[in-house]
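First comes the structure, then the notes that go with it.
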Amino acid sequence: MTRAQQTISIALLVSSVYLALYLRLVPLPAVVQTEIVPILPFWALVSFGAYLLVRLGWGVLTFNDYTVQDSTLETSPILHPLPLASVENGAQLMYKA
Numbered sequence: 002m003t004r005a006q007q008t009i010s011i012a013l014l015v016s017s018v019y020l021a022l023y024l025r026l027v028p029l030p031a032v033v034q035t036e037i038v039p040i041l042p043f044w045a046l047v048s049f050g051a052y053l054l055v056r057l058g059w060g061v062l063t064f065n066d067y068t069v070q071d072s073t074l075e076t077s078p079i080l081h082p083l084p085l086a087s088v089e090n091g092a093q094l095m096y097k098a
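Quick note: the sequence shown uses the numbering used here, first residue 2, plus one each step.
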């Protein structure tokens, strides 16, 4: 099963459980049914947003821990395909015409 299929199947499962709760197919106490079930989607959205912010913050916090990968990126021929002198000469030739 691919990751997309797995995500879609989990989303369908969660939405069907919520729909069963919202349509009162599952017996729950009246207080839970009227005060908790209607705000479950908003709670899930806020929780997911908080999770993403924590992941982003952790990524920013540990960004400087990748020194080996950083040094390989600095010397990568993809970033510097031509020597700097030839780039300057090419720019001078382009503007002389």
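Every residue, glycine too, gets a C-beta built ideally from N, C-alpha and C.
Values in this document were obtained by computation on a predicted structure and should not be read as measured data.
Query	Result
Nearest-angstrom Cβ-Cβ length linking residue 22 and residue 47, presumed shorter than 8 angstroms	Contact doesn't hold; Cβ gap of about 18 angstroms is too wide.
As assigned by DSSP and simplified to three states, the class of residue 25	coil
Extent of the continuous alpha helix (DSSP H) run through residue 42	41 to 62
Per-residue DSSP class, three states only, for residue 3	coil
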